[in-house]
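Below: the structure, in structure tokens.
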Amino acid sequence: MEFITKPLPANKRVALVAHDHRKSAMIQWCSRHRTSLQKHYLLATGTTGGKIEAATGLKVEKLLSGPLGGDQQLGARISEGKVDFLVFFWDPFEPMPHDPDVKALLRIAAVWNIPVACNSSSADMMVQSALMERSFGREVPDYQCYLKQR
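Pasting the structure below:
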């Protein structure tokens, strides 16, 4: 696979996902970083987005609930270049019936080289990084080259 450099914009599209037992941690995190997050476009799986919006007043585009297809919607947006940063508070202590969806979402985020935070410590570091407020380049698969080679 060939790669090209594409920029992540200064105003990020931030996807927020949290499993049931991690939703309160996500809400607390969003509340702590409200000032920073309101500068960016937020989207989330349905239940998580609704709870964040209600608790923080942040505007959040709500997709379907994760188990009903919201994880796949986010994955599609990542593939289309419409998500720049994924904050995914997954629960390492609970078995999940939609575990394949979780793995697929993390895989597609890795393929398209977007920053992923899976807990509040990594999310804190990323949202407070100087790169959060400015554009920077990242390597992504060169899909057009891939199509030509096929």
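Residue numbers for the sequence shown follow our numbering, beginning at 5 and rising by one. The C-beta atom is built at its ideal place from N, Cα and C for all residues, glycine as well.
Inter-segment contact for the segment 50 to 66 and the segment 26 to 34 is present: three or more beta-carbon pairs are separated by less than 8 Å. S69 is the residue among M130, Q42 and S69 whose C-alpha sits nearest the C-alpha of A22.
With contacts defined by Cβ atoms closer than 7 Å, D75 and L110 do not form a contacting pair. Exposed is the label assigned to C149, since fewer than 16 other Cβ atoms lie within 10 Å of its Cβ. Excluding sequence positions up to five before and after R142, its CB lies within less than 8 Å of the CB of T9, K10, P11, L12, N117 and I118, all in the same chain and listed in chain order. Under the 10 Å beta carbon count, T60 is surrounded by 16 or more other beta carbons and is classified as buried.
Rounded to the nearest angstrom, the gap between the Cα atoms of I56 and K152 is 43 Å. Shown here, G70 sits in a helix according to DSSP, grouped into three states. Around the beta carbon of R17, 16 or more other beta carbons sit within 10 angstroms, so the residue counts as buried. Spatial neighbours of F92 in its own chain (CB-CB distance under 6 Å, excluding positions within 5 residues in sequence) are listed in chain order as V21 and C122.
Within the segment 37 to 100, the complete beta strand (DSSP E) segments at least 3 residues long are 45 to 48, 64 to 66 and 89 to 93, listed from N- to C-terminus. By alpha-carbon distance to P104, the top candidate from G79, S40 and S83 is G79. The beta carbon of R138 sits closer than 8 Å to those of A14, all from its chain and outside the five residues before and after it, given in chain order. Under DSSP, the beta-bridge partners assigned to I8 are V144.
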